[in-house]
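What follows is one structure encoded as structure tokens, with my remarks underneath.
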Amino acid sequence: MTYTIKEVATIMNISAHTLRFYDDHGLFPFVHRDKNNVRQFSEKDLEWVYVVQCLRTTGLPIEQVKHYINMCVEGDATTEERYNLMLQQREVMRAELQKIEKQLKMLDYKTQYYHNILFNEKKDLHNPFIFDSPIQEL
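Counting from 1, one number per residue, gives the positions in the sequence shown under full-length UniProt numbering.
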């Protein structure tokens, strides 16, 4: 079975424009075109789309994604280099995950803080109008 770019865009939740851009940059080495020059994606091509999409989401630049794809096409001789690239990108993602976890921890704290205020378990210490103040009597 083959898919048009519009169908792939829907299936993979990616814009047709982005798919064309990636294909024009050689990231889908096995996509064929029909007699009307329309791209035809196979089931296997969808796997390539997924890999490219994943690598881009991790922040890997287009040039490095292309290099990775080319190494895949070259075969087993590039396995070690591909492995090292994945290790590098994994470390990038681990660092990003640590940042996100730290931000999530702060959001959890603030959520609990406001929960406590909403249910009268705690006063809002950052709101000057909750304290006994001569201003409140005005």
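Glycine included, every Cβ here is placed at the ideal spot set by N, Cα and C.
Beta carbon of residue i nearer than 9 Å to that of residue j
i, j, result
"Asp45", "Phe30", "yes"
"Tyr3", "Ile11", "yes"
"Leu85", "Val49", "no"
"Thr58", "Val92", "yes"
"Met71", "Glu81", "yes"
"Val73", "Val65", "no"
"Glu43", "Met1", "yes"
Rounded Cβ spacing between residue i and residue j (contact assumed at less than 8 Å)
i, j, result
"Ile5", "Arg39", "5 Å"
"Leu55", "Tyr68", "7 Å"
"Leu60", "Gln98", "Wrong, their Cβ atoms sit about 19 Å apart, outside the cutoff."
"Asn116", "Lys110", "No, Asn116 and Lys110 are not in contact; Cβ-Cβ is about 11 Å, not under 8 Å."
With 16 other Cβ atoms within 10 Å as the buried cut-off, status of residue i
i, result
"Ile100", "exposed"
"residue 192", "The chain is shown only over 1 to 138; residue 192 falls outside these bounds and no answer can be derived."
"Asp23", "buried"
"Phe119", "exposed"
"Leu125", "exposed"
Bridge-paired residues (DSSP) for residue i
i, result
"Ser42", "Thr2"
"His32", "Gln40"
Any non-hydrogen atom of the ligand FMN closer than 8 Å to residue i Cβ
i, result
"Lys35", "Among the components modelled here there is no ligand, and therefore nothing to report on the ligand FMN."
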